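Numbering (this note's numbering), first residue to last: 75 to 227.
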């Protein structure tokens, strides 16, 4: 141990990896702080005790009212949020339904137009087929007549 004035150095451990020291600045100081003398408790009258109890009850009621007010505000906010969410959902549903109805109407119109075009095309084919049949009968009659003329000549 080495000492120098009020500083005391005490070697704790010596190892190959290093040394450990404890430095004591003042060996006489024990770190005790003098405590103030205990306060004398004043005797409280029944009236003072009653006032303190009433004040505590008032604080408790005030705190409870504040908590209830906060909870009511929170519930009101939750209701507003739910109402807004429901309105947005309804608006989305209406918009989606309108879009779907528009698409269905457009598809119906397109289908009707395609069917009308196909019917027109079919009528043209039927008409051409009927005309072809008449033309073939006419040719057949002409052919038969020409054969008859040839045979009779």
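Yeah, the Cβ is synthetic: ideal placement off N, Cα and C, and Gly gets one too. Note that this is a predicted model, so its numbers are computed, not measured.
Using the three-state DSSP reduction, which class does residue 96 fall into: helix, strand or coil?
strand
Quick one: Cα of residue 199 to Cα of residue 172, how far?
40 Å
For residue 216, the first and last residue of its enclosing alpha helix (DSSP H)
120 to 226
Give the straight-line distance between the Cα atoms of residue 94 and residue 108, rounded to the nearest whole angstrom.
33 Å
Once DSSP output is grouped into helix, strand and coil, what is the label at residue 88?
strand
Roughly how many angstroms separate the alpha carbons of residue 128 and residue 121, rounded to a whole number?
10 Å
Give the straight-line distance between the Cα atoms of residue 143 and residue 155, rounded to the nearest whole angstrom.
18 Å
Nearest-angstrom Cα distance between residue 159 and residue 166?
10 Å
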